[in-house]
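Note that UniProt numbering has the sequence shown beginning at 1, numbered continuously upward. For every residue, glycine included, the Cβ atom is placed at its ideal position computed from N, Cα and C. No experiment lies behind these values; they were computed from the predicted model shown. Reading through the structure tokens given below for one structure.
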Amino acid sequence: MKLKSLLIIERLSIPGNLRFILRGLLPLVLFLILIAVSGCTEAQQKDSTPQLKASNFSFDSSPVKYVYVNGVELGYREFGSGEPLLLIMGFGGTMNAWNETFVWALSQEYRVIIFDNRGVGYSSDSGENYSLELFASDTAGLLETLEVQKTSVFGTAMGASIAQELALNYPEKVDKLIFSSAVYSVDAPEAGLLKKMFQSFAGNSEMSPALRRQADANLKWNGTYERLPEIRSETLLLIGTEDEYAPPGITLAMAEELPEAHIIVFENAKHSGERYLPDKYSKATLDFLKEGELADLKDRTPFSNGFEDL
């Protein structure tokens with residue numbers, strides 16, 4: 001593992017609960033980060049993300065189009081131009097659940113593709129049992145039909161799990177990866193609340209069949225922990241200190257196994273923070289994709305060669 005960089009957003013301080021939640025070496029790493037950036041002015045330490053405006057932007061500005069993949073129709077939309085950036089939605093969500101400001105900001109630099117997983121929103125359902133591997137196969141089929149040879153991928157929550165399977169099973173299609181509120185398995189020790197949620201949905205007959213099958217797919221997922229070292233894509237992990245479903249300890253555990261990992265911790269943020277912190281999450285994503293501020297951070301932090309150097 002080579003953790004390239006780790007950054008605390010909002011305030012350059014170490015929350016007490018973060019010391020307990022995150023594993024092993026993280027408190028020391030955070031301390032080193034504070035040393036590395038202690039020369040910054042107060043103005044530089046404050047988040048300088050501009051408040052983005054997208055008053056004329058809406059998802060309806062791009063018509064829903066369809067592709068036929070693995071026996072189902074997948075509905076999708078596209079925004080912007082340039083290199084492709086695929087967004088994969090989380091559990092139960094449709095593509096319209098993405099924060100519009102977040103998508104708008106990304107579309108200023110990239111060709112952003114959003115879509116509905118099978119069985120939700122504009123996508124049809126074949127009635128077969130779901131698996132995260134099947135969702136990844138659907139995603140790969142979407143890219144192939146759109147003639148996208150290779151793309152960077154942003155996955156949130158369950159979408160990050162799908163993105164992991166996509167990177168492992170179709171590595172030739174994946175450039176850079178961004179995971180928001182990711183887990184490597186619902187059986188991770190810190191993921192107890194997430195697992196209980198999936199169990200509740202899977203066993204609730206009042207829920208839609210598609211939602212129940214999504215929950216069941218997550219419960220039956222074998223996870224990726226032992227396979228994470230096989231992911232060769234440079235990866236950015238975004239996490240909030242108050243994420244109850246994917247606590248920061250899981251993010252650190254993943255970073256320890258990924259060959260090239262960056263972590264950005266958003267203090268006081270909760271699950272899938274791009275929903276309510278679109279400016280900060282889009283800026284972090286764009287900086288990573290363009291190798292801007294994250295590259296600068298990597299160059300000046302004393303642990304750029306990994307934990308083993310501490």
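- Of Glu128, Thr251, Leu277, Tyr76, the smallest CA-CA separation from Phe115 is found for Tyr76.
- Runs of beta strand (DSSP E) with 3 or more residues, each lying fully within the stretch 54-125, are found at 65-69, 72-79, 84-88, 111-115, listed in chain order.
- In the structure shown, Lys270 falls within a coil segment according to DSSP collapsed to helix, strand and coil.
- CA-CA distance, Glu226 to Ser205, rounds to 34 Å.
- Look at the beta carbons and you see the stretch 150-164 touching the stretch 81-88: at least three pairs across the two are nearer than 8 Å.
- Residue range 278-289 is occupied by the alpha helix (DSSP H) that includes Asp279, with no beta strand (DSSP E) assigned at that position.
- Linking Glu83 to Leu106 through their CA atoms gives a straight-line distance of about 11 Å.
- In this structure, Thr145 sits near Val69, with a CB-CB distance shorter than 8 Å.
- Minimum Cα-Cα distance from Glu230 among the listed residues Ala157, Val64, Asn117, Tyr170 corresponds to Tyr170.
- Rounded to whole angstroms, the Cβ separation of Val183 and Ala269 is 16 Å, and the two are not in contact under 8 Å.
- For Gly119, the number of other beta carbons within 10 angstroms of its own is at least 16, and it is reported as buried.
- DSSP places Leu142 inside the alpha helix (DSSP H), whose first and last residues are 132-145.
- Taking 8 Å as the cut-off, the Cβ atoms of Asn99 and Arg275 count as close.
- For Lys176, the enclosing beta strand (DSSP E) starts and ends at 174-180.
- Proximity to Leu236 across Ala217, Leu219, Ala215, His262 peaks at His262, based on C-alpha coordinates.
- In the DSSP assignment, Ile250 falls within the alpha helix (DSSP H) that extends over 248-257.
- Rounded to the nearest whole angstrom, the C-alpha separation of Lys290 and Ala188 is 32 Å.
- Closest in C-alpha terms to Glu73, from the list Glu190, Gly141, Thr241, comes Gly141.
- Taking the Cα positions, Ser233 is about 33 Å away from Phe201.
- Taking 8 Å as the cut-off, the beta carbon of Ser180 is found closer than this to the beta carbon of Ala160.
- Here Asp60 is exposed. Its C-beta has fewer than 16 other C-beta atoms within 10 Å.
- Closest by C-alpha distance to Lys176, out of Phe57, Pro63, Phe288, Asn56, is Phe288.
- For Asp216, the CB contacts under 6 Å within the same chain, skipping 5 residues up- and downstream, are Ala202 in chain order.
- In this structure, the CA atom of Ser272 is about 8 Å from the CA atom of Ile239.
- Looking at Pro278, Tyr110, Gly92, the one whose alpha-carbon comes closest to that of Pro209 is Gly92.
- Residue pairing by DSSP places Ser152 opposite Leu85 in a beta bridge.
- Taking all protein chains shown into account, Ser282 has 16 or more neighbouring C-beta atoms within 10 Å of its C-beta and is therefore buried.
- Taking 8 Å as the cut-off, the Cβ atoms of Lys173 and Leu143 count as close.
- Exposure of Pro63 is indicated by the presence of fewer than 16 other C-beta atoms within 10 angstroms of its C-beta.
- Annotation: the continuous beta strand (DSSP E) that includes Gly240 extends over 235-240.
- Ranked by Cα distance from Phe102, the first of Ser58, Lys220, Val148 is Ser58.
- In this structure, the straight-line span from the alpha carbon of Met158 to that of Glu257 is close to 19 Å.
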